[in-house]
Amino acid sequence: MSLHLRLAQPADAADLLAWRNDPKTRALSRQPEEISWEDHCRWLDRMIADPGCLFLVAWLDGTRVGVVRFNRRGQADVWEVSITVAPVAQGRGLGRRILNEGVARLRRDHPGAEVLAAVRPGNLASERLFLGAGFRPTQSDEAFAHFVLGA
Ligand SMILES: CC(C)(COP(=O)(O)OP(=O)(O)OC[C@H]1O[C@@H](n2cnc3c(N)ncnc32)[C@H](O)[C@@H]1OP(=O)(O)O)[C@@H](O)C(=O)NCCC(=O)NCCS
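Quick note on numbering: our numbering labels position 4 of the sequence shown as 4, and the sequence is numbered without any gaps.
As structure tokens, then:
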């Protein structure tokens, strides 16, 4: 099965919002409240236009199956990653493939990029995903465990 990562577009909005508002995903998000369609579309347009954001949608056999987004933090070549797999497609290894391909794509344009990830305590799938992709744990606080992937 071939997985393709494509730059996010406004037409991706409905699937992205459905995944974002899934109760399990919300519980693990930085902002757990449900997001409205209008706010979501405004946010998506802003992200797509932002040169400090690499926003990729993963497609498998003509269907959207996940999303990975990298946001630049400050002036240095440091990017924070956010990843979601469609709830129906989770637990089948897609998260790993999407993360690896996303990092490879980021490093095509930014070979020295360092990638940060913040994971809610108890989000075992996410923790294992990042550790398995070579991220190493840095500091943790009550709200998040932090991981970094060096250049
Ligand atoms: C986190 C997430 C992206 C992982 O994607 P996925 O496709 O479900 O994960 P994979 O199938 O690629 O598995 C990745 C690792 O997680 C483990 N895993 C998957 N589901 C798991 C679960 N429910 N509980 C514990 N571990 C789990 C896998 O065993 C694998 O680890 P291993 O290689 O050490 O065995 C996905 O579950 C998701 O979208 N969650 C909601 C949003 C979220 O939490 N995003 C991360 C915040 S940055």
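Here a beta-carbon is modelled for each residue, glycine too, at the ideal position from N, C-alpha and C.
This one's a predicted model, so the numbers in the text were calculated from it and none came from an experiment.
beta-carbon residue i near ligand 3 non-hydrogen atom, thresh 8 Å
i	result
Val85	With respect to ligand 3, the structure shown offers nothing to examine, as its ligands consist of ligand 1.
Residue i Cβ short of 8 Å to ligand 1 heavy atom set
i	result
Ala89	yes
Gly102	no
Thr25	yes
Arg128	yes
Asn21	no
Ala219	Given a span of 1 to 151 for the chain in the structure shown, any question on residue 219 remains unanswerable.
Ser82	yes
Top-ranked residue by Cα proximity to residue i, from the options
i	options	result
Val68	Trp19, Pro111, Pro23 and Gly62	Trp19
Arg128	Asp45, Ala145 and Ser29	Ala145
Gln9	Pro23, Ala76, Pro121 and Phe55	Phe55
Leu17	Leu99, Asn123 and Pro87	Pro87
Leu116	Gly134, Gly122, Asn123 and Leu124	Gly134
Gly66	His4, Phe147 and Gly122	His4
Ser36	Asn21, Asp77, Thr63 and Trp79	Asn21
Trp79	Ala118, Arg97, Val57 and Asp45	Ala118
Arg6	Glu34, Arg64 and Leu28	Arg64
Helix, strand or coil at residue i according to DSSP, with G and I counted as helix
i	result
Gly102	helix
Pro121	coil
Leu129	helix
Pro51	coil
Ala58	strand
Buried versus exposed call for residue i [16 or more other C-beta atoms within 10 Å across all chains shown]
i	result
Val84	The question names Val, but residue 84 is Thr in the sequence shown. By the 10 Å Cβ count, Thr84 comes out buried.
Between the region 102-113 and the region 136-147, are three or more C-beta pairs nearer than 8 Å? no
Can you confirm whether the region 26-44 touches the region 1-15 when touching is taken to mean that 3 or more C-beta pairs between the two stretches lie within less than 8 Å? yes
Just checking, does the region 111-123 make contact with the region 87-95 on the three C-beta pairs under 8 Å criterion? no
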